[in-house]
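To keep things clear, I will list the structure first and then write my remarks on it.
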Amino acid sequence: MRVTVPRCGLPFLKPLYEFPFSSFSPTLWPRNCSGSFSVKMSTTPPSQITHIINLPTQLDQPVSVVAAPGVSDTHFRNAIESSLFKQWLKNIQTETGLLANGTMSLKQVLIQGVDMFGERLGFLKFKADIIDKETGQKVPGIVFARGPAVAVLILLDSEGETYAVLTEQVRVPVGRLILELPAGMLDDDQGDFAGTAVREVEEETGIHLNAHDMVDLTAFLNASTGGRVFPSPGGCDEEMSLFLYRGNVSKEKIQQLQGKETGLRDHGELIKVHVVPYDKLWRATADAKALTAIALYEMAKRDGLLS
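Going by UniProt numbering, the residue at position 59 of the sequence shown is 59; the numbering climbs one at a time, nothing skipped.
Okay, structure coming up:
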């Protein structure tokens with residue numbers, strides 16, 4: 001930034017001050033010699049990494065995808081080529097998508113942040129400028145993309161009582177430990193929800209399940225829902241499949257599970273297993289996955305879909 005101040009009878013002011021800013025160059029000059037100043041700003045925006053896409057739902061209006069300051073060319077490329085971003089673009093163009101009926105349009109997408117899990121893109125944050133054509137106003141468009149995930153309600157029958165298996169994990173975003181269902185993100189684009197559920201349960205509890213023994217509770221939802229639940233659709237694209245597993249075990253097995261330390265500890269997964277009576281589960285956890293699974297399970301039983 002370069003600030004120029006003419007002397008104009010003010011000998012205590014140097015003719016030129018320079019500051020280490022490069023995004024714009026304002027010029028200051030006195031309106032009169034009494035000390036009041038006017039400001040004239042000339043801006044030269046830095047070059048931005050940009051990618052243009054054409055959507056079938058709005059062929060007459062190309063969409064600019066832009067990298068925010070601090071997003072490298074590599075991360076930008078990872079973002080626009082990721083399954084997370086491609087799936088979001090697909091979602092807004094489906095039959096029930098935001099752009100389907102022509103009442104809204106997508107102007108621009110600003111890629112704001114990328115988190116890599118090794119070689120794989122894990123999380124993506126972006127802002128989409130979607131305009132409601134009737135009002136001309138932007139709709140809220142900040143997106144935290146993390147993709148599909150699974151969770152499993154494990155019910156173990158032992159000597160006439162039913163127990164639920166929970167994990168206790170550190171959850172930094174809420175600043176506390178949380179009791180929750182065993183859960184995990186899908187690691188690939190294949191949509192193997194049941195296989196991911198089996199793997200996550202084994203990693204987090206040490207219990208080995210067979211995918212064929214699990215029931216997809218979210219499959220009982222109407223087809224219009226897509227057979228998934230959205231824990232926080234106002235800010236996150238995460239879609240969750242919830243599974244049920246029921247089995248019979250001995251009391252000794254219940255005792256072995258209680259307090260067991262598990263997880264991929266070299267990856268920072270510090271997990272402890274908790275076993276609680278099922279009839280007390282709804283009051284024992286603040287986990288939305290668990291509470292949703294309970295609701296789906298109980299309603300499916302009520303309607304005769306499960307025994």
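Even for Gly, the Cβ is constructed at its ideal location relative to N, Cα and C. All values reported here derive from a predicted model rather than from experimental measurement.
Rounded C-alpha distance that separates residue i from residue j
i           : j      : result
Gln87       : Glu161 : 43 Å
Gly147      : Ser82  : 11 Å
Met185      : Met299 : 26 Å
Leu257      : Leu306 : 27 Å
Ala295      : Leu84  : 29 Å
Val218      : Gly227 : Just to set this straight, residue 218 is Thr in the shown sequence, not Val. Approximately 5 Å between the Cα atoms of the pair.
Glu204      : Gly263 : 5 Å
Gln280      : Ala290 : Residue 280 is actually Lys in this sequence, not Gln. Straight-line Cα distance between these residues: approximately 12 Å.
Val215      : Val198 : 12 Å
Val63       : Ile53  : 5 Å
residue 319 : Arg283 : The first residue shown for the chain is 1 and the last is 307, placing residue 319 beyond what the model contains.
Thr225      : Glu95  : 12 Å
Val174      : Gly304 : 37 Å
Gly118      : Leu59  : 36 Å
Thr196      : Leu89  : 24 Å
Pro69       : Ser241 : 35 Å
Ser25       : Asp266 : Since pLDDT at Ser25 reaches only 40, below the 50 mark, its modelled position is unreliable, and the value read off the structure follows with that caveat. When rounded, the distance between both Cα atoms is 50 Å.
Gln61       : Gly136 : 16 Å
Under the three-state DSSP convention, the category residue i falls into
i      : result
Thr74  : helix
Ser36  : Note that Ser36 has pLDDT 41, beneath the 50 cutoff, so the model's placement of it is unreliable and the number below is only indicative. Ser36 falls in the coil class under three-state DSSP.
Pro148 : strand
Asp213 : helix
Leu281 : helix
Ile254 : helix
Leu89  : helix
Leu242 : strand
Phe117 : strand
Ala100 : coil
Ala290 : helix
Asp132 : strand
Ser47  : coil
Arg199 : helix
Ser58  : Correcting the residue type first, residue 58 is Gln in the shown sequence and not Ser. Residue state, collapsed to three classes: helix.
Val172 : helix
Ala164 : strand
Glu204 : helix
Glu298 : helix
Leu110 : strand
Phe193 : helix
Ala67  : strand
Thr94  : coil
Residue j beta carbon less than 9 Å from that of residue i
i      : j      : result
Leu124 : Val114 : yes
Val109 : Phe126 : yes
Lys260 : Gly206 : yes
Asp129 : Gly247 : no
Phe76  : Val152 : no
Thr292 : Pro233 : no
Ala211 : Ala194 : yes
Asp187 : Arg120 : yes
Glu239 : Val249 : no
Nonlocal neighbours in the same chain, by C-beta distance under 6 Å from residue i, ignoring five residues either side
i      : result
Cys236 : Phe144
Thr285 : Leu179
Val71  : Ile111
His51  : Val65, Ile80
Asn91  : Gly97
Ile142 : Lys127
7 Å CB neighbourhood of residue i in its chain, flanking five on each side removed
i      : result
Glu200 : Val150, Pro182, Ala183, Gly184
Lys278 : At residue 278 the sequence reads Tyr, which differs from the Lys that was named. Contacts found: Leu155, Thr162, Tyr163, Ala164.
Gly122 : Asp115, Met116
Leu221 : Gly227
Asp213 : Tyr245
Pro20  : Here Pro20 scores only 40 on pLDDT, less than 50, and its place in the model should not be relied on; the value that follows carries that caveat. Nothing meets the Cβ criterion.
Asp287 : Ile178, Leu179, Glu180, Leu181
Chain-order list of residues whose beta-carbon lies under 8 Å from that of residue i (same chain, five-residue window excluded)
i      : result
Ser47  : none
Thr103 : Asp132, Lys133, Glu134
Arg302 : none
Ala93  : Here the sequence assigns Gln to residue 93, which means Ala is not the residue at that position. Hits under 8 Å: Leu55, Pro56, Thr57, Leu99, Ala100.
Glu202 : His208, Leu209
Ile49  : Val66, Ala67, Val71, Asp73, Phe76
Ile254 : Leu156, Ser158, Tyr163, Val275
Asn78  : Val114, Met116, Leu121
Leu177 : Glu168, Gln169, Val170, Arg171
Tyr297 : Leu153, Leu217, Leu244, Leu306
beta-carbon residue i near the ligand FMN non-hydrogen atom, thresh 8 Å
i     : result
Gly97 : As for the ligand FMN, it is missing from this structure, which has no ligand bound.
Practice task
Report yes or no: do the region 270-278 and the region 154-168 share at least 3 C-beta pairs separated by less than 8 Å?
Solution key: Touching, yes, given that three or more Cβ pairs across the two stretches are closer than 8 Å.
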